[in-house]
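Undergrad: Take this structure first; my questions come after.
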Amino acid sequence: MSSRRSRRVRTKRADKQSTLLLDAFNKDRASLPQPLPNPPSLAPLPVPAPDPRTQEKINEKLKKAEDLGEKEMVDEAQKALEEAEALKKVSI
């Protein structure tokens with residue numbers, strides 16, 4: 001009988017501890033700053049396409065980068081990609 005009683009006391013104590021821990025957790029969580037809701041996003045501005053001659057140069061650089069990459073000439077391929085990106089930025 002005494003083991004049944006001590007088990008009941010332990011269970012009751014464990015329930016009380018878990019309730020206290022949960023309350024403390026919820027209080028801590030409630031005190032954290034709440035994230036702001038996402039502001040409405042603005043529609044992206046349309047990016048004008050580069051002129052045909054510049055676009056042709058960009059395509060040539062990209063093709064060159066791809067060919068160099070297939071030949072495992074990584075540094076040269078990276079340089080061609082950077083040149084294509086620079087052309088894109090200049091044309092905007």
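Note that UniProt numbering numbers the sequence shown so that position 42 is 42, with each residue one more than the last. Note that CB positions come from ideal geometry on N, CA and C, so glycine has one too. Note that the structure is a prediction, hence the values are computed from the model and not measured.
How would you write the range of the alpha helix (DSSP H) that P52 sits in, first residue to last?
TA: P52 to E70
Undergrad: I need the straight-line Cα distance from N26 to K12, nearest angstrom please.
TA: 21 Å
Undergrad: Are L81 and K57 close, meaning C-beta to C-beta below 7 Å?
TA: no
Undergrad: Grouping DSSP H, G and I as helix and E and B as strand, with all else coil, what is A84?
TA: helix
Undergrad: Leaving out five residues before and five after A65 in sequence, what residues of the same chain have Cβ atoms less than 6 Å from its Cβ?
TA: A77, A80 and L81
Undergrad: Would you grab the beta carbon distance between P50 and S91 for me? Rounded to a whole angstrom, and I think it's under 8 Å.
TA: 3 Å
Undergrad: Return helix, strand or coil for A49, following the three-state DSSP convention.
TA: coil
Undergrad: State yes or no: is the C-beta of R4 nearer than 6 Å to some heavy atom of the ligand GDP?
TA: The ligand GDP is absent from the structure shown, which contains no ligands of any kind.
Undergrad: Given this structure, state the Cα-to-Cα distance separating L68 from V74, to the nearest angstrom.
TA: 7 Å
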